[in-house]
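Written out below as structure tokens is the structure these notes cover.
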Amino acid sequence: MKIKFGITSKLLLLFFFLLFIFYGILLVLFVDIQSLKETSQQIISINNQVAALSKGMNDNLISMDVNLKKFKLLKKKVYLSYFETAKNDFCDGLDKIIKLNVPTYPISSQWEWIRKSFQDNPNTSIHLESIQESPVWVEDSLMNKWMEGISTARKENQRQIEQALIRINDLGRQSVNKSFIGMLVSLLAGILGAVFISKSMIGPIKKLKHGLNDISKDHYHLIEINSQDEFSELASAFNNMSRQLKEDEDIRSDFIAILSHEIRTPLSSIRESVNMIIEKVLGPVNDTQRKFLKIASSEISRINDLLDHLLDVSMLESYSGKISPEPIDPNQLLREVSTSLIAKGKIKDVTIRLHELGDAPMVMGVKKEIIQVLLNIVYNAVKFSPTNSFVDIHVNPKNNKDLTFEVSDQGPGIPEEEQSLIFKKYYRAKDVRNHMDGVGLGLSISKRIIHAHGGIIYVENNKEGGCSFFFTLPSINESMTTQG
Ligand code: ADP
98 MKIKFGITSK
108 LLLLFFFLLF
118 IFYGILLVLF
128 VDIQSLKETS
138 QQIISINNQV
148 AALSKGMNDN
158 LISMDVNLKK
168 FKLLKKKVYL
178 SYFETAKNDF
188 CDGLDKIIKL
198 NVPTYPISSQ
208 WEWIRKSFQD
218 NPNTSIHLES
228 IQESPVWVED
238 SLMNKWMEGI
248 STARKENQRQ
258 IEQALIRIND
268 LGRQSVNKSF
278 IGMLVSLLAG
288 ILGAVFISKS
298 MIGPIKKLKH
308 GLNDISKDHY
318 HLIEINSQDE
328 FSELASAFNN
338 MSRQLKEDED
348 IRSDFIAILS
358 HEIRTPLSSI
368 RESVNMIIEK
378 VLGPVNDTQR
388 KFLKIASSEI
398 SRINDLLDHL
408 LDVSMLESYS
418 GKISPEPIDP
428 NQLLREVSTS
438 LIAKGKIKDV
448 TIRLHELGDA
458 PMVMGVKKEI
468 IQVLLNIVYN
478 AVKFSPTNSF
488 VDIHVNPKNN
498 KDLTFEVSDQ
508 GPGIPEEEQS
518 LIFKKYYRAK
528 DVRNHMDGVG
538 LGLSISKRII
548 HAHGGIIYVE
558 NNKEGGCSFF
568 FTLPSINESM
578 TTQG
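Residue numbers for the sequence shown follow my numbering, so the first one is 98 and each next one is one higher.
Here is the structure:
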């Protein structure tokens, strides 16, 4: 079973992916901020406490020394109680500092040494009475060592504060970097996601567009979209439509072909009969009868022409587009068709002027088919030209590669919005639909033929009125180089 992965699912997936990145970045930043908070708390609580307590301890030591000396000199007991208070404060402070020691944030080893040295000293724990007799409670040198120890520990503490500040700074910088990287990743993911989704949409849209373009040019073909989303459903709906259109088109063409064949046979009999009457095979015919019979005969010819055109529909449908071109001299081609063209023009007093190209290169094509194209275009030019006007046929070189045949007339021209439509099957310009003969097939047949030859066919209105039809054919040199 294939999993359907629609456009909505793709967009939702991208949305959740971006959400995931966003919250991921938030989580990382949260962890960093927590760590920053802890570090700053440690600085504030541990180091600041150590700094505050150690400052008091120095004072305690001095107070102990001074009060003992005063006592010995003045023999007042109050100094002994001051001594005791300072000593207790000192021990208290020391204990508090040592309790602040944590493995992640160790305090200076000096503190342990001071405590040990203080406790080991027999005089620091003596009774007040014995102090009265004792000449000195600690040596000055030891006292100095303790004070030095305190000062060293304070400096170490200060250093730790500085290091912690550097760490906070580093953490801050890392957080900024991480959020920057996160931003880049989410930006990249967003862009890539958007590109991926738009690509997965643009591809099928292009295929659908080509398919629709082809259908508008009567090329019915199926499109293949393998994506498992709404586009594959759209493609299958498009293919159903395309199949249906093709079937309808085939039915219509078959119907026209069968009908044309069926009408043609009795029509031939009618024409033969009318001709026999005109030629007096069946007896004498007076002038009035002859006149009306001639009208009947020309109308029969008209119907016959129409049937010929309609039969071209079958030709159009079965036209494979595979041709076996041969070199053709374009001037020679014009000369060959000139008699029938000039005769056609004379019917409407339209003068057809042929302009040959000196040193014209040979072109590659199927002569019969190119003649059919030329006749279609020139007959149209004559049909739409006013009497006593000119139709000019030119052969021009184009880009040194192709040769252009140009047929220009002095007729009504073709409105711009209809210029591409007239090459479609059965299309006839709005202005002429109701008062001109035709079935709208000549140009669509011509277009197929010219495209099969690798050329293009188009029409432009002339500035001075009328229009010019152009079609190109590859010259022999060009054709040889593309084959080679
Ligand atoms: P048909 O001539 O049988 O109608 P075509 O396919 O030859 O069919 O031409 C299609 C339509 O193009 C014509 O009906 C007409 O509207 C327009 N057209 C063709 N040639 C000319 C022209 N020389 N001048 C004006 N309109 C033209």
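Every residue gets a Cβ at the ideal spot worked out from N, C-alpha and C, and that includes glycine.
Extent of the continuous beta strand (DSSP E) to which residue i belongs
i, result
"S505", "D499 to S505"
"R450", "T448 to H452"
"H491", "F487 to K495"
"E181", "It is not in any beta strand (DSSP E) - E181 instead sits in the alpha helix (DSSP H) that spans K174 to K196."
"N558", "I554 to N558"
"P571", "C564 to P571"
Candidates the options: closest to residue i by CA position
i, options, result
"I122", "F277, I140, N241 and C188", "F277"
"D299", "L116, D326, A149 and A286", "The sequence given here places Ile at residue 299; Asp does not occur at that position. Minimum Cα distance to I299 is reached at D326."
"Q469", "L540, D489 and I420", "L540"
"I141", "I265, E181 and D217", "I265"
"F112", "I312, L500 and A286", "A286"
"S214", "D311, T448, I247 and N198", "I247"
"I519", "S313, T249 and K107", "S313"
"L404", "V536, H452, I159 and S106", "V536"
"E433", "V199, E359 and I467", "I467"
"E557", "I542, I547, V529 and E503", "E503"
"M240", "D189, M338, M533 and S160", "S160"
"R530", "I542, S339, N337 and E515", "E515"
"I547", "V488, N473 and N477", "N473"
"L364", "V199, D402, E453 and I322", "D402"
"P458", "S435, D534 and I425", "I425"
"N157", "Q139, A183 and A149", "A183"
"F114", "D347, Y555, I302 and G290", "G290"
"S324", "I294, H452, E359 and H316", "I294"
"Q255", "A149, L281 and L268", "A149"
"I105", "D237, N310, S339 and F328", "In the sequence under discussion, the amino acid at residue 105 is Thr, which differs from the Ile named in the question. T105 has its Cα closest to that of F328, out of D237, N310, S339 and F328."
"G153", "K193, I302 and V175", "K193"
"L281", "G552, F119, D315 and Y555", "F119"
"P427", "I554, Q260 and L471", "L471"
"T201", "A261, G563 and V273", "A261"
Residue i vs residue j beta-carbon contact at 9 Å
i, j, result
"R583", "S137", "This structure gives no information on residue 583, because the portion of the chain shown stretches from 98 to 581."
"Q257", "N144", "yes"
"N155", "M244", "yes"
"K445", "K480", "yes"
"I420", "A549", "yes"
"L390", "I374", "yes"
"N559", "S505", "yes"
"S357", "L305", "no"
"R361", "S394", "no"
"V460", "F487", "no"
"V378", "I397", "no"
"K107", "S297", "yes"
"K464", "L430", "yes"
"K275", "L126", "yes"
"S339", "H307", "no"
"I392", "I449", "no"
"W346", "D315", "At residue 346 the sequence reads Glu, which differs from the Trp that was named. Against a cut-off of 9 Å, the Cβ pair of D315 and E346 comes out as a contact."
"L191", "R212", "yes"
Residue range of the alpha helix (DSSP H) that includes residue i
i, result
"G535", "First-last for G535: undefined, no H or E at that position."
"E327", "E327 to I375"
"G462", "Run containing G462: none in the alpha helix (DSSP H); it sits in the beta strand (DSSP E), V460 to G462."
"T436", "P427 to I444"
"S205", "Premise fails: S205 is in no alpha helix (DSSP H) and is neither H nor E."
"K275", "D237 to S313"
Specify whether the segment 124-140 and the segment 205-218 touch according to this definition: at least 3 beta carbon pairs, one from each stretch, less than 8 Å apart. no
If you pair each beta-carbon of the segment 567-574 with each one of the segment 491-501, do three or more pairs fall below 8 Å? yes
Any 3 or more C-beta pairs closer than 8 Å across the segment 552-568 and the segment 422-440: no
If contact is defined by three or more beta carbon pairs under 8 Å, each pair taking one atom from either stretch, is the segment 347-354 in contact with the segment 331-339? no
Counting beta carbon pairs with one atom in the segment 508-517 and one in the segment 381-400, are three or more of them shorter than 8 Å? no
Quick check on the DSSP output: what are the complete alpha helix (DSSP H) runs of length 4 or more inside the segment 112-173, in order along the chain? 145-171
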